[in-house]
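This report concerns only the one structure given below.
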Amino acid sequence: MTRITTASLTTNTERNLQAAMNRLATIQNKAGTHKEIGRPSDDPAGTANVMALRAQQRQNEQFSRNVQDANGWLSTTDQALTSATDILQQVRDLTVKGANDGALAPDAKEAIALELDQLHDSLLNAANTKFMGRHVFAGTSDQASAVDSAYGFSGTSGVERRIGTNSSVRVDADGAQVFGEGNTSVFQLIKNIVADLRAGTNISSRIGEVDVSLQKVLGSQATIGASHASVLAAEDALLSDSVSLEARRSGIEDIDLGSVILELKTQEVAYQAALSAASRTLQPSLMDFLR
């Protein structure tokens, strides 16, 4: 027969109580932090997966910020091109009107010339549109104006934003391609029309030139619209990825609160039962009374 000493029984009981208390403390920590993994050693594989998912989430967040910035650039550029289109349409209408030499008196032609001068300045303002302090038609320029006095564009265009792992989009427009430069620019064209009107020269031939400039602006606006559509599609995809990544992370790292509360109550009952059993098992011995 194996004899179990009081000391051995006490030691085993203390060990079991300590284990029960540790299990209870672990569940209480989960309930308090709402996290399944308190330290990496709790679940090394789960910890590695969570770290990888968090890295993907940070990348997704950066792409989302890039998309928001790209959206701002493209919206601003589109508005500027819309304004330029409206202005050039007015220029065309006035050019057609001014080409009717027989029905216009010199004062009427001068009134058209003055209106064209105002449209010239408005078009320059559109070409100098900025977003967040940067020229949308001369994106890398640090000059106060995108268009210089000779109708040249300062800086170079080509501002891009990365909106996906393998996807980038250009968010500005090349001012030289949209408006032309120097003597071939639309600004100079309007000045030439004004000069012809004041000199009494028929401006019928200028209508075709205005149409060419108008088509350039419309073509650039179509390109910006296509880029904007890509950015909006990327925004939707990033939002979907964000939800998916958070669900995967939560499934690994976060607790099921209902299950944890139930387990906590179970462990509390088990611990109380262990204490009760230990108190009945470890009865005082004769030596306790003799001490």
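Residue numbers for the sequence shown, in the working numbering: 20 to 310.
Don't be surprised by glycine CBs; every beta carbon is placed ideally from N, CA and C.
7 angstroms Cβ shell around residue i - same chain, five flanking residues per side excluded
i, result
"I131", "L113, K116, G117 and L216"
"F150", "G91, W92 and T95"
"A103", "L142, A145 and V236"
"L135", "V110, L113, I209, I212 and V213"
"K128", "G117 and L216"
"A253", "V86, I182, G183 and S186"
"L309", "With a pLDDT of 49 at L309, under the threshold of 50, the predicted position of this residue should be treated as unreliable, though the coordinate-derived value follows. Taken in chain order, the list of residues that qualify is empty."
"A195", "F172"
"L138", "I106, Q109, V110 and I209"
"N221", "A118 and D120"
Exposure of residue i, with buried meaning 16 or more beta-carbon neighbours within 10 Å
i, result
"R180", "buried"
"Q240", "buried"
"N185", "exposed"
"N79", "buried"
"S187", "exposed"
"D191", "buried"
"G244", "exposed"
"T285", "exposed"
"L133", "exposed"
"G199", "buried"
"G158", "buried"
"T148", "buried"
"L100", "buried"
"L257", "buried"
"A124", "exposed"
"A89", "buried"
"D126", "exposed"
Identity of the residues DSSP links to residue i by a beta bridge
i, result
"H154", "K149"
"E228", "Answer is none; E228 lacks a bridge partner."
"V69", "DSSP lists no partner for V69."
"R180", "V188"
"F172", "V166"
Anticipated Cβ contact below 8 angstroms, residue i with residue j, distance rounded
i, j, result
"V250", "I182", "6 angstroms"
"D97", "H247", "7 angstroms"
"V178", "R189", "7 angstroms"
Close beta carbons around residue i, own chain, < 8 angstroms, minus the five adjacent residues each side
i, result
"M20", "Confidence is the limiting factor: at M20 the pLDDT is only 47, short of 50, which leaves the residue's position unreliable, though a coordinate-based value still follows. Here the set comprises nothing."
"Q76", "S261, L264, E265 and R268"
"L107", "L142, V205, V229, S232, L233 and V236"
"I226", "R111, T114, V115 and A118"
"T242", "A192"
"G201", "A169, Y170, G171 and Q207"
"S223", "A118"
Closer than 8 angstroms to chain D by CB, residue i
i, result
"A130", "Of the protein chains in the structure, only one exists, and it is not chain D."
Contact set for residue i: own chain, Cβ-Cβ below 6 angstroms, skip 5 residues either direction
i, result
"H154", "S160 and A165"
"I271", "G65, N68 and V69"
"Q162", "S173"
"S83", "L257"
"F156", "A146, A165, A192 and G194"
Cβ contact (3+ pairs, closer than 8 angstroms) linking the stretch 202–217 and the stretch 85–102 | no
Sufficient close CB pairs (3 or more, under 8 angstroms) joining the stretch 70–86 to the stretch 261–270 | yes
Sufficient close CB pairs (3 or more, under 8 angstroms) joining the stretch 163–172 to the stretch 219–233 | no
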